[in-house]
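As structure tokens, the structure follows; a few thoughts come after it.
Protein chains: 2
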Amino acid sequence: MSDNFNSQFFQHVDASVPQYVAELGEAVAIPSVSADLQTHLKDIIQMEEWTKSYIERLGGSAELLPNPKGVDDNGNELPPILLAEFKAADNSESKKTVCCYAHLDVQPAAKEDGWDSDPFVLTEKDDKLYGRGSTDDKGPALSWLWVIQAHRKLGVDLPVNVKLMFEGMEESGSEGMFEAIQILSKEGKFLSDVDFFCISDNYWLGASKPCLTYGLRGLAYFSCSVQCCEQDLHSGVLGGTVHEAMTDLVQLMASLIDSSGKILVPGIMDDVAEVTPEEDALYETIDFNCESYKKENKVASVSNKLMYENEKDLLMARWRYPTLSLHGIEGAFSGTGAKTVIPAKAIGKFSLRLVPDQDPKRIEKCVSDHLNKVFASLGSPNKMNVTLLHGAKAWLSDPNHPNFAAAARATEKVYGLLPDYTREGGSIPITTAFEEATQMNVCLLPVGACDDMAHSQNEKYNKKNLVNGVKVLGLYLHELGELKGPKPSECRCVELTPEELMEPGAFMRGFKCKCFM
Amino acid sequence: MSDNFNSQFFQHVDASVPQYVAELGEAVAIPSVSADLQTHLKDIIQMEEWTKSYIERLGGSAELLPNPKGVDDNGNELPPILLAEFKAADNSESKKTVCCYAHLDVQPAAKEDGWDSDPFVLTEKDDKLYGRGSTDDKGPALSWLWVIQAHRKLGVDLPVNVKLMFEGMEESGSEGMFEAIQILSKEGKFLSDVDFFCISDNYWLGASKPCLTYGLRGLAYFSCSVQCCEQDLHSGVLGGTVHEAMTDLVQLMASLIDSSGKILVPGIMDDVAEVTPEEDALYETIDFNCESYKKENKVASVSNKLMYENEKDLLMARWRYPTLSLHGIEGAFSGTGAKTVIPAKAIGKFSLRLVPDQDPKRIEKCVSDHLNKVFASLGSPNKMNVTLLHGAKAWLSDPNHPNFAAAARATEKVYGLLPDYTREGGSIPITTAFEEATQMNVCLLPVGACDDMAHSQNEKYNKKNLVNGVKVLGLYLHELGELKGPKPSECRCVELTPEELMEPGAFMRGFKCKCFM
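Line by line, the protein sequences give chains Y and C. Using UniProt numbering, the letters of the first sequence correspond one by one to residues 1 to 517. Using UniProt numbering, the letters of the second sequence correspond one by one to residues 1 to 517.
Structure below.
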């Protein structure tokens, strides 16, 4: 890598912004909402085919792997997984291989939810690109393609082999990805020669300073249904004569958490790791401010009060302690106005964010036992059912790993400053899945800002982040190419047991030895 | 009225069923959903114009009265009210006048809610006509037109003057109707010469025996909103750092009612009238069965348990005690699947059914005081707001009134048996409004069966009820025509004060004297 390349590359990227915006617009216009497969499976597939065709135009090989899970629990067909490869032209066998993961599906969105513009029409305003999926995760996904395109146009060889694994179910539990990762990690398969993973599907801690992320919370997403009869009833005609499902469900939901944020389910806090002095010290220097956080997240204008009003407690609540959120109720009246209905079946949705060392299976048992006990105490004749829809362990990596070091140097060359090392409240369950299956390190390299409003109304991607994101991802490939030592995927100095791998902060295979240090 | 007329009339109605079904299909196809005026105002107006044109083809006069309230609280334009008149051809000045009320708007409906067929396509199966509005209230509304049409085709004069007052906002609080009734009851206006009112907008107690209804519960429909920030947040990224609106809202909703059906709001039961021995005795003879009720309402296959398992307690819970139903939450996640969202603003919807002598204004204060107290105890910084969306007093009439007697005789001539005298759990607030404004009696003359599933999935209207409904409404006009005595609207023997009028079971003007007994 030469400074000459960097400067040509940066110029090319800067000149290509209108093209990038137009192409991101095409992608956002495809409503690939994975929460509603009945309506949108065809859109997810269209989005995958759109991307596959782009990859092939760039000279990469690509295939749509049929989803190994086939159908979801409701019998809906699941979308395939896009696998692609760009080989380093020169002596590719000896080059290291990075696998970049992203997702092409999006969260649900509707203008009526309070968007200022059509969520599926990319709308530029004040150098911000508004649209569902702009930052989560279509913008970052396309950035990898733009990096490859820049190399092609500049006539520069790729410094590493680049594999892409893009899925279409991330917003709905990454169904089929876990099976795919297992299958593809076997000897000779797509993932077996991958040396590094990189995921760009989270956000900076703030709006201006880049970061690398070495920890994620896990997830246990539940549905709790109560049914009182086969179909909805008129609350005037029948109110007072049936045991209403909503009455029970609201009691159950109210038994989960109180307004101070305390989780009321017994046993939930038992396995939460203690804060060590080393960990505690990490929080002292992070660039974070509660007042800005209130403004960025539009809390300031309403309650203007956070769960904690000092930075360390707030970050710990966000990163290293579990939380429980009530998301809503399916099957009840959710429209505007007044409907005098007794819902026949109401399904509460809630989730816990998990931290080391919580196990989703144990959490499922705690929640299920608790709700069954509360329900029994209600003395209701209705039918109640608790289901864990998605479970994922928390993830904790080592910010000193060479994969992180490469990302840090790339960031420094673009932004002129070293990134913060952060954890995240959110979950990217496939992070752990990649590490467990391959023993290779995953670096989370966010390119979007904290106020991008992923999952919310008016999701956006700053044009500045788009441009710098392409630059950072491009230089990251070159930093990986310059790493010394053997390929991590071929090193057999150390094999970790699955238990060792799941220890928070475990080094990956190839890095517990000293080959690369 | 002669037996000859009855037999010709019945034959004509029987022969016209294919026409009735086709016309009801046209009406059902217009999605006149008043809960969503932004989308459906045009459909409500189209439905009103369709009906007006039908009336004019029958030789009636009709006008669309601009809604006196103009716009609703959200600034949406409100639909007009349809006023029509068919004069008795022969000596109409001396004839009595009946005003028939119905509504042309419907409850929301969507195939995804669990309908077996498109709710806006009238679908016949096993002699049942499925479709939103088939029984509530388009079928009964059109029946009045079919009665007039039969008289025209048979060349028979109307025995009374018939006025129609059809509105388009009944399912959303009858907005504008109360103002219209006030205005139209003044000297010389549309309602000032009405002698009897008839409303066909409720249901039989069972599936086979007709009834007349002399009491209705009132309604207090509330929304309770909690807001924590300006827009939805990602529960992974931010969970644990903000005071979530849903957490508070679910605590508030859980504080309203317990699973045994006990209303937990202090003061609610204070004004409920005591059961008198006379009232108690009325319940002994009513044709009603708990086991059938479970099956009709599809409770049997799920919980198979009602709030009370004996007929009298169950009917009292349904008719003469208040209840509270939780309808759902607006603004939270209500779709299928999993969405990891922290809703910014969640709006709980619930309503109480009121009974004599509860006053909606006092109930509003009880509920508001209670929720404010509970919210204060939560110690939440969020914004909470309680609003009474609709309030209506309960209504209780006298089943011995000549208006009821006419309806009873008409029923007997069609069905061969006298109707039960029932009360209803539901509310038709304009019943009280008509009586208070005009001092004329309102008879509730249901034509649909208890299992018609108004407001629910798979709403239907039995073809048999449609046919017999037209016959009963037709003969009712003739029974009214045969009533002796002066016109009630002209009798000045007794004027009741508003307070006297609101006494449960108050006789109407013209019937407290002996002119008509």
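Ideal Cβ placement from N, Cα and C applies to all residues, glycine included. Predicted model, so just to flag it, every value in this text is computed and none were measured.
Where V13/Y is concerned, the enclosing alpha helix (DSSP H) starts and stops at D3 to A15.
The beta carbon of M453/Y sits closer than 7 Å to the beta carbons of E459 and K460 from its chain, once the five residues preceding and following it are set aside; these are given in chain order. A Cβ of chain Y is located within less than 7 Å of the beta carbon of L314/C. With three or more CB-CB distances shorter than 8 Å, the stretch 221–239 of chain Y counts as touching the stretch 298–310 of chain C. In the three-state DSSP reduction, T431/C falls in the helix class (H, G or I). In this structure, the straight-line span from the alpha carbon of S143/Y to that of K345/C is close to 34 Å. With a cutoff of 7 Å on beta-carbon distance, L129/Y and E48/Y are scored as not near each other. Positions of the alpha helix (DSSP H) runs, each at least 4 residues long and wholly inside the stretch 310–373 of chain C, are given as 311–319 in order along the chain.
With a beta-carbon spacing of about 10 Å, D359/Y and D270/Y fall beyond the 8 Å limit used to define contacts. About 33 Å separates the CB atoms of R492/Y and V355/Y; that is not less than 8 Å, and the two are not in contact.
Separation of N202/Y and F166/C (C-alpha to C-alpha, rounded to the nearest whole angstrom) is 56 Å. Positions of the beta strand (DSSP E) runs, each at least 3 residues long and wholly inside the stretch 207–293 of chain Y, are given as 211–216 and 218–227 in order along the chain.
Look at M440/Y here: in three-state DSSP terms it is coil, with no helix or strand label.
Counting of Cβ neighbours within 10 angstroms places P277/C among the exposed residues, the total staying below 16. Taking CB atoms only, T247/C has a neighbour in chain Y less than 7 Å away.
The DSSP-derived three-state label of N202/C is coil.
Taking a C-beta cut-off of 8 Å against chain Y, the contacting residues of the stretch 286–309 of chain C are Y293, N297, K298, V299, S301, V302, S303, N304, K305, L306, M307 and Y308, listed in chain order. As DSSP reads the structure, N385/C sits in a beta bridge with S225/C.
P159/C is a Cβ neighbour of G481/C, given a cutoff of 7 Å. Take the alpha-carbon of D369/C and the one of R362/C: they are about 11 Å apart.
For G176/C, the CB contacts under 6 Å within the same chain, skipping 5 residues up- and downstream, are N67, P68, K69 and L78 in chain order. Look at the stretch 345–372 of chain C: the residues with a C-beta under 8 Å from a C-beta of chain Y are A346, K349, S351 and R353. Under a criterion of Cβ atoms nearer than 8 Å, no residue of chain Y is adjacent to T432/C; the nearest Cβ is some 15 Å distant.
Rounded to whole angstroms, the Cβ separation of D14/C and K96/C is 28 Å, and the two are not in contact under 8 Å. For a cut-off of 8 Å, the C-beta gap from C443/Y to A407/Y is around 5 Å, short enough to register as a contact. In terms of Cβ geometry, C228/C and V386/C do not form a close pair [threshold 7 Å]. Look at the stretch 105–134 of chain Y: the residues with a C-beta under 8 Å from a C-beta of chain C are Q107, P108, D113 and G114.
The beta carbon of E56/Y lies closer than 8 Å to those of A62 in the same chain, with the five residues before and after it left out. Closest in alpha carbon position to D127/C, among D420/C, V21/C and G337/C, is V21/C. R152/C sits exposed, since fewer than 16 C-beta atoms from the chains shown fall within 10 Å of its C-beta. Within chain C, the C-beta atoms nearer than 7 Å to that of K339/Y come from A35, Q107, P108 and H327, in chain order. Spatial neighbours of T432/C in its own chain (CB-CB distance under 6 Å, excluding positions within 5 residues in sequence) are listed in chain order as K393 and W395. Listed by position along chain C, the residues whose Cβ is nearer than 7 Å to that of M253/Y are V250.
Annotation for A273/C: R320, V355, P356, D357 and P504 place their beta carbon closer than 8 Å to its own, counting only its chain and skipping 5 residues before and after. When DSSP reads this structure, M165/Y sits in a beta bridge with L83/Y and Y101/Y. In this structure, the CA atom of L466/C is about 26 Å from the CA atom of D113/C.
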